[in-house]
Amino acid sequence: MSGKILVSGGGIAGCCLAWWLRRYGYAVTIVEQAAEPRAGGYVIDFWGLGYRVAEKMGLVDELRRSDLVIEEFRVVDRNGRKISGIDQRALQDIAGGRIMSLQRSAVASALYHALDDDVSVRFGDSVATLTEHPDGVEVTFRSGAHEGYDLVVGADGLHSAVRHLAFGEQAEYERFLGYYVAAFSAHDYPHRDPHVYVTYGEPGKQIWRVTMDDETTVFLLVFADASPQGIPMHDPAQQKEILARRYARSGWETPDMLRALAATTDLYFDRVSQIVMPRWTKGRVALIGDACACPSLLAGEGSAMAMAEAYTLAGELHAASGDHAAAFAAYEQLLRPYVERKQKAARGFAASFVPQSALALWLRNTSINVANTLGLTRLLFGAQINDRQALGDYR
Ligand SMILES: Cc1cc2nc3c(=O)[nH]c(=O)nc-3n(C[C@H](O)[C@H](O)[C@H](O)COP(=O)(O)OP(=O)(O)OC[C@H]3O[C@@H](n4cnc5c(N)ncnc54)[C@H](O)[C@@H]3O)c2cc1C
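Quick note: the sequence shown uses the numbering used here, first residue 4, plus one each step.
Printed below as a string of structure tokens:
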């Protein structure tokens, strides 16, 4: 197969797509706005279709090297005493062992390093304009470069530039779920619990802490705030202040966490939103991953979905011998019901993710405990983990 494809975004979706496109004979360029592959970042659970795509790529052993082997999900009270929790091994059983917990960057990095040398990756640049004509797409880049491609794929995340250029304003497609999320890492943090996700909640705010294998600790903070425009999105200093104020009187080890927050240089901060679009493709432009189908962190499966979308889009292009219109239609038809199901489930989970009253918090913690004690974990998570969605076979 011949054809030049530009992929905007060198994250999980972009690198996975490039790997499969290259395998099918396409000439692929990735343009990534970051100056280099990003390290660190929040911890994700990785299972389902993404795990199956990783198996097809022969990447599971590589990913296993970064698996944090989480054994317990532990809910603590303001004094650090365990009040509830889940034995993570039950989730392992449900998934037949095909699940792991690792940093998002470990998945992205494994995919990036698996790329053929002839996939060209341009770091530190991004798409500035797209002009489509009958035979291709003319692209100008922020660096000033100018090139033509047969197809352009936006794999550039929640705030996708390609979506903005080809489909219009983000506000048209973004569904804000009423939370903000922050993640950062700390070195030599005084409290360590290897192989345990520890979490502490108060009405409207929650903290998760994961001890990494080295001297690093990763924090995830989610707080409720119904105003989608009220918080500065591009100023880490202001974001630190907002977080410090929100968590100022919180219990548990929060004062230590806030000291670590003040010192961190890798703060991630964003709205918790979904992207819901009536079409994921238009002319010679397609979107994959969070750019078109972000389910939000509440799905716990966005990376896996992004890989399934990448695998399917590349496979359909191959199956349609490069007839992009047929391939794009098949890609949407195959995956739209699956994505809609996952997005709906995540929205349904929003209220109990960070309960907003003391009673709701107590109910959530108690139901986790009851499920764990009575061995009902399969009932709670079975359908979500053992998804029946099939992947196409494009051999
Ligand atoms: C806190 C948190 C926890 C999560 N937990 C889980 C979990 O447990 N399990 C799970 O499966 N998923 C989880 N997710 C979701 C998962 O991280 C995303 O769904 C997944 O990373 C989407 O991959 P992507 O490649 O589409 O987008 P991204 O990971 O956002 O990657 C986009 C890439 O494009 C680049 N880019 C952005 N703009 C441009 C531009 N203009 N030009 C060029 N490049 C650009 C970015 O630098 C980045 O490299 C979580 C998400 C969050 C925020």
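Beta carbons: idealized from backbone N, C-alpha and C, even for Gly. Source: prediction; values computed, not measured.
Beta bridge counterpart(s) of residue i as assigned by DSSP
{"i": "K208", "result": "E205 and F226"}
{"i": "S186", "result": "This sequence places Ala at residue 186; Ser is not what is there. In DSSP, A186 forms a bridge with L223 and Y271."}
{"i": "T380", "result": "Paired residue(s): none; T380 is not in a bridge."}
{"i": "Y152", "result": "V140"}
{"i": "V342", "result": "DSSP, once it has assigned bridges, lists no residue as partnering V342."}
{"i": "I278", "result": "E177"}
{"i": "P197", "result": "T214"}
{"i": "I102", "result": "W50"}
{"i": "D90", "result": "E75"}
{"i": "K7", "result": "A30"}
{"i": "V130", "result": "F144"}
{"i": "G157", "result": "S11 and L290"}
{"i": "T369", "result": "The partner list for T369 (beta bridge, DSSP) is empty, contrary to what the question assumes."}
{"i": "E35", "result": "F126"}
{"i": "K285", "result": "V288"}
{"i": "K85", "result": "V79"}
{"i": "E135", "result": "V140"}
Residue span of the alpha helix (DSSP H) that contains residue i, given as start and end
{"i": "H321", "result": "G305 to A322"}
{"i": "E39", "result": "Per DSSP, E39 belongs to no alpha helix (DSSP H) and is neither H nor E."}
{"i": "A289", "result": "Unbroken run through A289 is the beta strand (DSSP E), V288 to L290; no alpha helix (DSSP H)."}
{"i": "E256", "result": "It is not in any alpha helix (DSSP H) - E256 carries neither H nor E in the DSSP assignment."}
{"i": "V165", "result": "A164 to F170"}
{"i": "R125", "result": "Element bounds for R125: not the alpha helix (DSSP H) but the beta strand (DSSP E), S123 to F126."}
{"i": "L301", "result": "Careful: L301 lies outside any alpha helix (DSSP H) and carries neither H nor E."}
{"i": "H116", "result": "R107 to H116"}
{"i": "P235", "result": "Premise fails: P235 is in no alpha helix (DSSP H) and is neither H nor E."}
{"i": "V63", "result": "V63 to R67"}
Cutoff 7 Å; reference residue i; Cβ partners in own chain excluding five residues on either side
{"i": "L364", "result": "G204, P206 and P358"}
{"i": "E39", "result": "F126"}
{"i": "H190", "result": "E218 and T219"}
{"i": "V279", "result": "Y176, R178 and Q346"}
{"i": "I291", "result": "A16, L20, V156, A158, A309, E312, A313 and L316"}
{"i": "I86", "result": "V78, V79, D80 and N368"}
{"i": "M260", "result": "I210 and F222"}
{"i": "Q392", "result": "L52 and Y341"}
Start-to-end residues for the beta strand (DSSP E) that takes in residue i
{"i": "T267", "result": "Note, T267: premise wrong, no beta strand (DSSP E); not H, not E."}
{"i": "V56", "result": "Looking at the DSSP string, V56 is not in any beta strand (DSSP E); the run it does join, the alpha helix (DSSP H), is G51 to M60."}
{"i": "G17", "result": "Element bounds for G17: not the beta strand (DSSP E) but the alpha helix (DSSP H), I15 to R26."}
Cut-off 6 Å between Cβ atoms - residues of its own chain near residue i, not counting five sequence neighbours on either side
{"i": "G14", "result": "A111"}
{"i": "I210", "result": "Y203 and L224"}
{"i": "Q402", "result": "Because the chain here runs from 4 to 398, residue 402 falls outside it and cannot be looked at."}
{"i": "A333", "result": "E319"}
{"i": "D153", "result": "G6, K7 and G139"}
Beta-carbon contacts of residue i that lie in its chain and below 8 Å, excluding the five residues immediately before and after
{"i": "I388", "result": "W50, G51, L94, I97, A98 and I102"}
{"i": "K208", "result": "L224, V225, F226, A227, R249, Y250, S253 and V357"}
{"i": "D216", "result": "L71 and P197"}
{"i": "R195", "result": "T214 and T220"}
{"i": "A294", "result": "G12, A16, G157, A158, D159, G160, L161, S163, V165, R166 and I278"}
{"i": "R25", "result": "V31, L118, D119, D121 and V122"}
{"i": "A361", "result": "P206"}
{"i": "A322", "result": "A330, A333, G395 and Y397"}
Whole-number beta carbon distance between residue j and residue i, since they are thought to touch under 8 Å
{"i": "E244", "j": "G83", "result": "So it is not a contact: roughly 26 Å between Cβ atoms."}
{"i": "L71", "j": "S108", "result": "Contact doesn't hold; Cβ gap of about 13 Å is too wide."}
{"i": "V122", "j": "I33", "result": "7 Å"}
{"i": "A30", "j": "G6", "result": "7 Å"}
{"i": "L114", "j": "C297", "result": "About 18 Å separates the two Cβ atoms, so there is no contact after all."}
{"i": "F272", "j": "Q242", "result": "4 Å"}
{"i": "G151", "j": "G139", "result": "5 Å"}
{"i": "L382", "j": "A349", "result": "Rounded, the Cβ-Cβ distance is 19 Å, inconsistent with contact."}
{"i": "E75", "j": "D64", "result": "Actually they are not in contact, since the Cβ atoms of E75 and D64 sit about 25 Å apart, beyond 8 Å."}
{"i": "D48", "j": "G303", "result": "5 Å"}
{"i": "R287", "j": "E135", "result": "6 Å"}
{"i": "G53", "j": "S306", "result": "5 Å"}
{"i": "S276", "j": "L180", "result": "6 Å"}
{"i": "L133", "j": "A185", "result": "About 32 Å separates the two Cβ atoms, so there is no contact after all."}
{"i": "T284", "j": "E335", "result": "6 Å"}
{"i": "L264", "j": "P239", "result": "Contact flag wrong, Cβ pair sits at about 10 Å."}
{"i": "Y183", "j": "I234", "result": "6 Å"}
Distance cut-off 7 Å: residue i Cβ against heavy atoms of ligand 2
{"i": "E35", "result": "Summarising the ligand content, the structure contains ligand 1 and does not contain ligand 2."}
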